[in-house]
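Each number in our numbering corresponds to the 1-based position in the sequence shown with 4 added.
Yeah, the Cβ is synthetic: ideal placement off N, Cα and C, and Gly gets one too.
Note that the structure is a prediction, hence the values are computed from the model and not measured.
Contents: one structure, followed by commentary.
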Amino acid sequence: MKYYVVNLIAHSLVTIALIAVIIVTFSRNQKRKTKHVLTYFLPFIFAIFAVLDLCFLTGPRLLDLSSMINDTLETHTGVVTDIAYFNNYIEVDGHRYYLNPLNVLPNVGDTVKVRTTPNAGFAGSLELIATAGTTLEPLDYEEYQ
């Protein structure tokens, strides 16, 4: 949860900074203080970066805010197929799930149950079901009664 909040704040600050740069460069264009011809296009270029950042990074995290607050996360079970170089995400059956790189991560081949946000794919919890090399045996319910 903390990793999600820090990530949301960081991406929101990047978006706000891009919007501030757009405003500054546009006002310089309005006052005709730009000295080079290419600097007239800076507001347009920064606007493209701001829209892309908002659509692909900040937007999904903002949409997932209610899911994190209400703890209505989706549950996915599968085999870990890849772990990122910086340990900030794992790939389970072809889907990326982002998690805190400081936590203990499973190994490739482990079977895990991940509770994630619906839009950005942040893991709220990660549970190891079986380690690599072991098979999942069906439970004998009569044995546990």
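query: Meets three-Cβ-pair contact criterion under 8 Å: the segment 44-56 and the segment 74-90; result: no
query: Continuous alpha helix (DSSP H) stretch holding Tyr-8: start and end; result: 6-34
query: Span of the beta strand (DSSP E) around Ala-127; result: 127-134
query: Assigned secondary structure, Val-116 (DSSP; H/G/I helix, E/B strand, else coil); result: strand
query: C-beta atoms of Leu-132 and Thr-115 nearer than 9 Å; result: yes
query: Spatial distance of Ile-26 from Lys-35 (CA atoms); result: 14 Å
query: Bridge-paired residues (DSSP) for Ile-87; result: Ile-94
query: Start and end residues, beta strand (DSSP E) containing Tyr-101; result: 99-102
query: Segment contact, 8 Å Cβ cut-off, at least three pairs: the segment 89-97 with the segment 60-70; result: no
query: Limits of the alpha helix (DSSP H) - the one that Pro-64 falls within; result: 63-67
query: Residue environment, Pro-103, which counts as buried when at least 16 other CB atoms sit within 10 Å; result: Correcting the residue type first, residue 103 is Leu in the shown sequence and not Pro. It counts as buried.
query: Closest residue to Tyr-44 among Thr-62, Leu-12, Val-28 and Leu-17 (Cα-Cα distance); result: Val-28
query: Distance between Ala-21 and Ser-129 (C-alpha atoms, nearest Å); result: 31 Å
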